[in-house]
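Input: a single structure, listed below in structure tokens.
Numbering (the numbering used here), first residue to last: 17 to 206.
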């Protein structure tokens, strides 16, 4: 058993704390719960003023951001594709996922998806800071998840030897999207 209870918070950098809070309030209905501002970094004493904002992402999950006005502009890791690093939030149903797609698009943002991942379907978009966000609706059964957990060690072992996608869970990609079944569109895994 893990010694950790849960993730206390996950923190990212933002360009503008106020703009970031307003985005997460408007688009994802998150509650702005806490702001901490300092002129020095508490752990190092280094003079580097910051605003640290915290948002309730639901179920005890906290998403936080730092605005660092005296640091160089935010950048992106040029060696990592932009789709890799992202923050994924679970929604309660495919209906909610599709309603959120409409809401995000109505806010003028580009949305990728829905994308069928076999045991969940997702949409993707970017926040004002360039962080990729994912909203995901679970579609897999407990049996699906049990089967995936069972083959996970063998998949990892094969990947570590070959650096090629193992086929242990190929059945996952043979499933049609539940949204396609309901008359919605879904893109292949991305």
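All residues carry an ideal CB built from backbone N, CA and C; glycine is no exception.
ask   = DSSP three-state call for residue 112: helix, strand or coil?
value = DSSP places residue 112 in helix when its eight states are reduced to three.
inquiry  = Quick check: the Cα distance between residue 199 and residue 59, rounded to an integer number of angstroms?
reply    = Annotation note: pLDDT 49 at residue 199 (below 50); position unreliable, no value reported.
ask   = Excluding five sequence neighbours on each side, which residues of the same chain lie with their C-beta closer than 7 angstroms to the C-beta of residue 62?
value = Within the same chain, and ignoring the five residues on either side of residue 62 in sequence, the residues whose Cβ sits closer than 7 angstroms to its Cβ are 56.
ask   = Sorted by chain position, which residues of the same chain lie with C-beta nearer than 6 angstroms to residue 188's C-beta, five sequence neighbours on each side aside?
value = Taken in chain order, the residues that qualify are 134.
inquiry  = Quick check: residue 186 and residue 164, are their CB atoms within less than 8 angstroms of each other?
reply    = Contact flag unset, no.
key: Bridge partner(s) assigned by DSSP for residue 37   = Residue 37 is not bridged to any residue.
query = How about the segment 74-92 and the segment 125-139: do they share at least three Cβ pairs that are nearer than 8 angstroms?
reply = No contact exists between the segment 74-92 and the segment 125-139.
ask   = Can you tell which of 106, 169, 101 has the C-alpha that lies nearest to the C-alpha of residue 77?
value = Looking from the CA of residue 77, the closest CA among 106, 169, 101 belongs to 106.
ask   = Name the DSSP bridge partner or partners of residue 67?
value = Answer by DSSP bridge pairing, in chain order: 53, 83.
message = For residue 20, which residues in the same chain have their Cβ closer than 8 angstroms to its Cβ, ignoring the five residues on either side in sequence?
response = Answer for residue 20: no residue qualifies.
message = Using a 10 Å radius around the Cβ and a threshold of 16 neighbouring Cβ atoms, would you call residue 69 buried or exposed?
response = Classification of residue 69: buried, given that the 10 Å Cβ count is 16 or more.
ask   = What is the DSSP secondary structure of residue 189, counted as helix, strand or coil?
value = Look at residue 189 here: in three-state DSSP terms it is helix.
request  = Reducing DSSP to helix, strand and coil, say where residue 176 ends up.
outcome  = DSSP places residue 176 in helix when its eight states are reduced to three.
ask   = Can you find at least 3 beta carbon pairs, one from the segment 151-171 and one from the segment 110-128, that sit closer than 8 angstroms?
value = Three or more beta-carbon pairs separated by less than 8 angstroms link the segment 151-171 to the segment 110-128, which places the two stretches in contact.
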